[in-house]
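Just below is one structure, and these are the notes that go with it.
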Amino acid sequence: MVKMMLRRYGTTCHICGHPGAAQADHLEPLAENPGRALDIENLRPAHGASRGGGSNPCPVCTPAAEARGYGPVYCNTVRQAMSVDRARRVIRARTGLPMPGDAGFSAASQAEGREWECGAATGPGGRARPAGCRR
Ligand SMILES: [Zn+2]
Ligand SMILES: [Zn+2]
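Heads up: the sequence shown runs through residues 5 to 139, numbered per this note's numbering.
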């Protein structure tokens, strides 16, 4: 199901807007509507932890958060059953990074040169993957 969802919607996190998302988040939280748990229309890619094991913290947010003394950023865990806007506020506060909808969001992520996926062996110029990329 998650693979199908990633093929359909890509791997850009619907919460923080960064690449490398490999978990599903529910637009309409399960706490509010458990019947839509497996409705692909209700799923979107996000960084995070999954019940079945495996996790993918955001490769952009995590180093920024760790530099400020916070742990890795798992977007769907931050969100839980709250609104996406609230999750973005929390992540913005931890990382100091602009979130989707903020002025300077895309400019900032491009300036960082991190527009590549966690799945790649190396980034631009052969740089190692960020510490946040754990599988
Ligand atoms: Zn994210
Ligand atoms: Zn992020």
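Note that the Cβ used here is the ideal one computed from N, Cα and C, for glycine as well.
Through-space distance from residue j to residue i, alpha-carbon basis
{"i": "residue 96", "j": "residue 103", "result": "7 angstroms"}
{"i": "residue 106", "j": "residue 99", "result": "14 angstroms"}
{"i": "residue 43", "j": "residue 14", "result": "17 angstroms"}
{"i": "residue 74", "j": "residue 81", "result": "14 angstroms"}
{"i": "residue 64", "j": "residue 46", "result": "25 angstroms"}
{"i": "residue 71", "j": "residue 77", "result": "12 angstroms"}
{"i": "residue 31", "j": "residue 108", "result": "25 angstroms"}
{"i": "residue 4", "j": "residue 54", "result": "Outside the shown range of the chain, which is 5 to 139, sits residue 4, and nothing can be said about it."}
Cβ shell of residue i (< 7 angstroms), same chain only, five flanking positions each side left out
{"i": "residue 17", "result": "25, 49, 50, 51, 62 and 79"}
{"i": "residue 83", "result": "19, 29 and 91"}
{"i": "residue 8", "result": "44"}
{"i": "residue 11", "result": "none"}
{"i": "residue 68", "result": "99, 100 and 101"}
Three-state secondary structure assigned by DSSP to residue i
{"i": "residue 59", "result": "strand"}
{"i": "residue 39", "result": "helix"}
{"i": "residue 53", "result": "strand"}
{"i": "residue 118", "result": "Confidence is the limiting factor: at residue 118 the pLDDT is only 47, short of 50, which leaves the residue's position unreliable and the question unanswerable from this model."}
{"i": "residue 28", "result": "strand"}
{"i": "residue 34", "result": "coil"}
{"i": "residue 18", "result": "coil"}
Close Cβ partners of residue i (< 6 angstroms) along its chain, the five nearest in sequence each way excluded
{"i": "residue 119", "result": "Bear in mind that the predicted position of residue 119 carries a pLDDT of just 43, short of 50, making it unreliable; the figure below should be weighed with that in mind. Correct list: empty, nothing qualifies."}
{"i": "residue 92", "result": "103"}
{"i": "residue 21", "result": "104"}
{"i": "residue 138", "result": "Low confidence applies to residue 138: its pLDDT is 48, below 50, so where it sits in the model is not reliable, and the reading given next is rough at best. Contacts found: none."}
Own chain partners of residue i with C-beta closer than 8 angstroms, once the 5 adjacent residues on each side are dropped
{"i": "residue 36", "result": "85"}
{"i": "residue 5", "result": "28, 42, 44 and 47"}
{"i": "residue 34", "result": "40, 41 and 85"}
Q | Sequence ranges, alpha helix (DSSP H) only - wholly within the region 71-101, length at least 4 | A | Taken in chain order, the complete alpha helix (DSSP H) segments of 4 residues or longer contained in the region 71-101 are 79-83 and 88-99.
(Q) Under 7 angstroms, CB to any heavy atom of ligand 1. Which residues pass, going along the chain? (A) The answer, residue by residue, is 17, 19, 20, 22, 25, 50, 51, 62, 65, 77 and 79.
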